[in-house]
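See the structure below:
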């Protein structure tokens, strides 16, 4: 095998070689592609002709290639596979079947191109445009990693990008809603109540909201809102994302409208099904929800990823969803209990959170605050300020009557009438709906590579 990665490092400024993997799945365009690669001279080098996706992934893990030229019909080619290749520094150029002579691109071909680009493929090339393969491979090798569900731009005849596939928009820049993650350490009571309350209160203030139940240990947002069906909106959405078929319209179909201007993406029906949610697919769900509504509220799990995993392992981690939501969020709301155990866990968790989110949380919600505990709100604010000085602190009263009334009736606190607890949630929303926290916009730009 040729170590193309080292071949690209050239101290004399000469043109470096790009290692190419080919997985044509026995399609007739392979012969022309191999000729184009050979004709590119020292710019491209064929590393291996792979038999299937497993062979492709195994070879990519050796670090010997930068680009994979694959058939769009390759079995198992989805967003998870493309993400695993990207993790090895390999961009993907997909080749679709030759188009019959026509003056216009058929609608089904546009759909296929768009689907592939949504999986993270860098370029989509028609089989009848083999002359452009060399240029497309070089372009793909030089491109930045895809940062959006749709692919990056391309040059070269026959190369299709997201803009070419779906057409230019006349509405200006695509809308990006705010994403708020609600998280709390082990034993933090009321995390889901707070998440549902934030979503419902924001919807009552005329914001369009999507609430995503992303608790990998078994979410209960649906139970809070009397949605008891076994079909998981999260699993349905991630399946669509993994196959490149998720867009805002598709997400709106798998979500349940639980109140005016408020949708719910229900969580896992059983805790053991977390393995079905792939990290890249989940991130695509979050990105698509941003495009769908003005505010996205994510009810996360309680745990954070522990020790670093084997970098060569592609197995998902149970807490990947929580880490992804916290990393992608514009704002994080941390929920904790006001008792001694809860405050100890809060102090530790705020430090642990910095490993996933260096900016720390924007807001801390101290739940079940009551005078019998023996300390004041000022004391707790001092504790939080010592760990996360930039976080606001909101206190929720120990209003179990209002919480029970809402939970038993399957309604949000907004629908259950006025109560001290609802007024406390409204104060949290006052903080959340303000301008983005310092660093949020810059962080999102860093994720997109801008």
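Residue numbers (my numbering): 89 to 538. Backbone N, C-alpha and C define an ideal beta-carbon position, used for all residues, glycine too.
The closest CA to that of residue 164, considering only 303, 507, 285 and 331, is found on 331. Residue 459 counts as exposed, since fewer than 16 other beta carbons sit within 10 angstroms of its beta carbon.
Taking a C-beta distance under 7 Å as the contact criterion, residue 184 and residue 211 do not qualify as a contact pair.
Apart from the 5 residues on each side of it in sequence, residue 303 sits with its Cβ closer than 7 Å to the Cβ of 355, 387, 388 and 389 in its chain, given in chain order. Proximity to residue 264 across 379, 148, 476 and 150 peaks at 379, based on C-alpha coordinates.
In the structure shown, residue 278 adopts coil according to DSSP, grouped into three states.
In the three-state reduction of the DSSP assignment, residue 520 falls in the helix class.
Residue pairing by DSSP places residue 341 in no beta bridge whatsoever.
Burial state of residue 146 is exposed, judged by a 10 Å Cβ sphere holding fewer than 16 other Cβ atoms.
Residue 158 places its beta carbon less than 7 Å from that of residue 111. Straight-line measurement puts the Cα of residue 463 at about 56 Å from the Cα of residue 203.
Counting C-beta pairs with one atom in each stretch, the segment 281–293 and the segment 505–517 have three or more that are closer than 8 Å, which means they touch. With fewer than 16 other Cβ atoms inside 10 Å of its own Cβ, residue 319 counts as exposed. Ranking 428, 174, 374 and 109 by CA distance to the CA of residue 221 puts 109 first. Rounded to the nearest angstrom, the gap between the Cα atoms of residue 346 and residue 293 is 15 Å.
In the DSSP secondary-structure assignment, residue 347 is bridged to 350.
Our two residues, residue 431 and residue 471, have alpha carbons roughly 9 Å apart in a direct line. Measuring C-alpha to C-alpha distances from residue 314 to each of 505, 494, 132 and 117 identifies 494 as the nearest. Taking residue 134 as reference, the option from 352, 121, 266 and 369 with the minimal CA-CA separation is 121. Put simply, the backbone Cα of residue 488 is about 15 Å away from that of residue 499. Here DSSP, grouped into helix, strand and coil, assigns residue 168 to helix. Shown here, residue 269 sits in a strand according to DSSP, grouped into three states.
The three-state secondary structure of residue 295, taken from DSSP, is coil.
Counting other Cβ atoms within 10 Å of its Cβ, residue 130 stays below 16 and is therefore classed as exposed.
In the same chain as residue 316, and ignoring 5 residues on each side of it, the C-beta atoms closer than 7 Å to its own belong to 310, in chain order. Per the C-alpha coordinates, the member of 417, 434 and 505 positioned closest to residue 425 is 434.
Around residue 491, the same chain offers 281 and 509 as residues with beta carbons nearer than 7 Å, after the five sequence neighbours per side are excluded.
By the neighbour-count criterion, in which a residue is buried when 16 or more other Cβ atoms sit within 10 angstroms of its Cβ, residue 214 is buried.
Residue environment: residue 274 is assigned as exposed (fewer than 16 neighbouring CB atoms within 10 Å of its CB, all protein chains considered). The beta carbon of residue 377 sits closer than 6 Å to those of 298 and 384, all from its chain and outside the five residues before and after it, given in chain order. When secondary structure is reduced to three states using DSSP, residue 203 falls in the helix class. For residue 454, the closest C-alpha among the options 276, 136, 167 and 124 is that of 276. In the three-state DSSP reduction, residue 358 falls in the coil class, being neither helix nor strand. When DSSP reads this structure, residue 451 sits in a beta bridge with 421 and 480. In the structure shown, residue 474 adopts helical secondary structure according to DSSP, grouped into three states.
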